[in-house]
Amino acid sequence: MFFAPPERTRSRHPADAARPDRRAHHPDLTRLAGWRAMKAEAELPGDRWEQERRWALR
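Numbering (the numbering used here), first residue to last: 147 to 204.
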């Protein structure tokens, strides 16, 4: 097995080069399930919201 020298910090192979099309980006909030759930909870009536909250915290 080959271990790289400690001064070498990253691969120099062209296939490992950073690609701008794969850079990290902000998530699309319309595609997140948590976002949809939060919007649905906002539409609950006040008393139903309390009932849902008590159910979740039991």
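Where a beta carbon is used, it is the ideal one built from N, C-alpha and C, also for glycine.
Bear in mind that the values here come from a model prediction, so they are computed numbers and not experimental data.
{"Query": "I'd like the span of the alpha helix (DSSP H) that includes A202, first residue to last.", "Result": "G192 to L203"}
{"Query": "Along the chain, where does the alpha helix (DSSP H) that runs through R165 open and close?", "Result": "Taken as a continuous stretch (DSSP letters only), R165 belongs to no alpha helix (DSSP H), as it is neither H nor E."}
{"Query": "Whole angstroms is fine: what's the gap from D162's alpha carbon to E196's?", "Result": "52 Å"}
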